[in-house]
Structure formats: C-alpha cells, structure tokens
Amino acid sequence: MVNDSYESGEVVLIAFPFSTTTTKKRRPALILLDTGDEDIMVARITSQPQSSSFDIELKQWQASGLKVQSWVRLHKVATLEKTLVDRRLGKLASSDWSKIQSLLKQLWD
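Pasting the structure below:
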C-alpha cells in the first residue's frame, strides 16, 4: 500500500513495530497526516479505557470500522512507512475527528 494516499481521520489496521525487537503487532491506528511520500503519521487506537488526559474516547467507533469500544491515544504517535498498513477499516465520524483535532491543537500550541 506504499503508493496509496491516506486522509487524516482514516482508521487503518497497521503492523506496529516494537522498538526493542523485530516483532510487530497488528492494531488499529488513526491517520493524522499523510506526509506525501512513503510515510504516514499515526496515533494508536486501543480498546483499553482511558488512562491519560491524552486519550480520546471514540463515541461512534462502529462507524470507524472498529469492532469494540475504542480510545485514540494521542500521546502514542508514530511516523511509519505506508508498507506497514494492512488495510483500511473506515473513517472517524466528524464529531470524533473534531474532538481529536481540538486536543491536538491544544497539545501543539
């Protein structure tokens, strides 16, 4: 999927690499930015309830293609190669995406 382009707010299934090994774990992620080359910036999505003020609960998680109630972890951001994307799951509802954009703006301002 390296030649594909992605939109901010898309949910994908991606093989996240562990930093200490060559092992990867497939998990959902939120596209924050397609850099226009072979990379994308993503935030992890988890089914574990909120544990930080940087976690955003997805109210309309089913519309995003997710199978269970989920949270976006905005403090778990990575720039990864597009080749790690397994498949697209869906796109966030506009209300969920707006909450994420608002928190990102607060974090980076």
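Residue numbers for the sequence shown follow my numbering, so the first one is 554 and each next one is one higher. Beta carbons are placed, not taken as given, at the ideal position from N, Cα and C, and that holds for glycine.
Is it true that the region 640 to 649 meets the region 557 to 569, where meeting means three or more beta-carbon pairs spaced less than 8 Å apart? The region 640 to 649 vs the region 557 to 569: in contact.
Range of the contiguous beta strand (DSSP E) that encloses Lys635: Careful: Lys635 lies outside any beta strand (DSSP E) and carries neither H nor E.
When the Cα atoms are used, what is the spatial distance from Ala596 to Ala616? Using only the alpha carbons, I get a separation of about 18 Å.
If Thr599 sits next to Arg626, beta carbons under 8 Å apart, how far is it from one beta carbon to the other, in whole angstroms? At roughly 6 Å, the Cβ-Cβ gap stays under 8 Å, so Thr599 and Arg626 are in contact.
Taking just the CA atoms, how far does Gly618 sit from Pro581? Taking the straight line joining both Cα atoms gives about 10 Å.
Could you give the first and the last residue of the continuous beta strand (DSSP E) run that contains Asp608? Taken as a continuous stretch (DSSP letters only), the beta strand (DSSP E) holding Asp608 covers 608 to 610.
Quick check on the burial criterion: 16 or more other C-beta atoms within 10 angstroms. Buried or exposed for Ser623? Around the C-beta of Ser623, 16 or more other C-beta atoms lie within 10 Å, and the residue is accordingly described as buried.
Quick one: Cα of Asp497 to Cα of Thr632, how far? In the structure displayed, the chain extends from 554 to 662; residue 497 sits before or after that span and is not available.
Please tell me whether Leu645 and Leu586 are closer than 8 Å, where the distance is taken between their beta carbons. In this structure, the beta-carbon distance from Leu645 to Leu586 does not fall below 8 Å.
For Ala552, which of helix, strand or coil comes out of DSSP? Because the chain is modelled from 554 through 662, residue 552 falls outside the range shown and cannot be assessed.
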